[in-house]
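Undergrad: Those letters in the sequence shown? Residues 87 to 237, by our numbering.
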Amino acid sequence: MKLKPLKSMDRWDPFSEFRFLADSLNPLFNEFFPAEYREQTVMSDWLPAIDIYENDNSIIINAELPGMDKKDVDINVKDNMLTIKGEKKFDREIKKDNYHRCERCYGTFSRTFTLPDSVNPDDVKAQFKNGILEVSIPKKERSKPKEITIE
Numbered sequence: 087m088k089l090k091p092l093k094s095m096d097r098w099d100p101f102s103e104f105r106f107l108a109d110s111l112n113p114l115f116n117e118f119f120p121a122e123y124r125e126q127t128v129m130s131d132w133l134p135a136i137d138i139y140e141n142d143n144s145i146i147i148n149a150e151l152p153g154m155d156k157k158d159v160d161i162n163v164k165d166n167m168l169t170i171k172g173e174k175k176f177d178r179e180i181k182k183d184n185y186h187r188c189e190r191c192y193g194t195f196s197r198t199f200t201l202p203d204s205v206n207p208d209d210v211k212a213q214f215k216n217g218i219l220e221v222s223i224p225k226k227e228r229s230k231p232k233e234i235t236i237e
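Set out below in structure tokens:
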């Protein structure tokens, strides 16, 4: 019995057919969800996983950026929109032609989020450690009620 070599080692993605459907339905969902925390859609080579949570003082965004360095990432805030973008470069030590499978993502990415009015976008801080980018956006101090004396 003679074995034939595989013609393609690409893995079939059963969900690829649903991407068009998701792109068509996203505008409908945007009508039902508030603009706070909504992400702006941008074409990218890949999208890092993002967690967004809040505590009493801040809203925190964590982005998984394995294999990247902080010099490859840019963060900016403009018009109440926070954008995280960067590029993960392909490891050139191994020629791409010699790969049997390449499942890690490479290329440029951009994630943009609408910030709620309750935060102070001028005081954003960021840290990068062990492939995790943490962006902390402090909340504005709430005004305290003022007691009015009745005369």
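Note that CB positions come from ideal geometry on N, CA and C, so glycine has one too.
Residue 157 to residue 218, Cα distance in whole Å?
TA: Their Cα atoms are separated by approximately 13 Å.
Undergrad: Buried or exposed: which applies to residue 201, given that a residue is buried once 16 or more other Cβ atoms fall within 10 Å of its Cβ?
TA: Label assigned to residue 201: buried.
Undergrad: Determine whether the beta carbon atoms of residue 243 and residue 224 lie at a separation below 8 Å.
TA: Examination of residue 243 is not possible in this model, given that the chain is present from 87 through 237 alone.
Undergrad: Given residue 235, which residues of its chain have a CB within under 8 Å of its CB, disregarding the five upstream and five downstream residues?
TA: Taken in chain order, the list of residues that qualify is empty.
Undergrad: To the nearest angstrom, how far is it from the Cα of residue 172 to the Cα of residue 154?
TA: Straight-line Cα distance between these residues: approximately 9 Å.
Undergrad: Along the chain, where does the beta strand (DSSP E) containing residue 147 start, and where does it finish?
TA: Its beta strand (DSSP E) spans residues 144-150.
Undergrad: Measuring only the C-alpha atoms, how far is residue 216 from residue 147?
TA: Rounded to whole angstroms, residue 216 to residue 147 spans 15 Å at the Cα level.
Undergrad: What does a CB cutoff of less than 7 Å around residue 195 pick up in its chain, not counting 5 residues either side in sequence?
TA: Contacts found: 130, 131, 132, 133, 134, 171 and 172.
Undergrad: Using a Cβ-Cβ cutoff of less than 6 Å, which residues in the same chain neighbour residue 222 once the five nearest sequence positions on both sides are dropped?
TA: Same-chain partners within the cutoff: 144, 146 and 211.
Undergrad: Distance, Cα to Cα, residue 142 vs residue 213?
TA: Looking at the two C-alpha atoms, the distance is approximately 19 Å.
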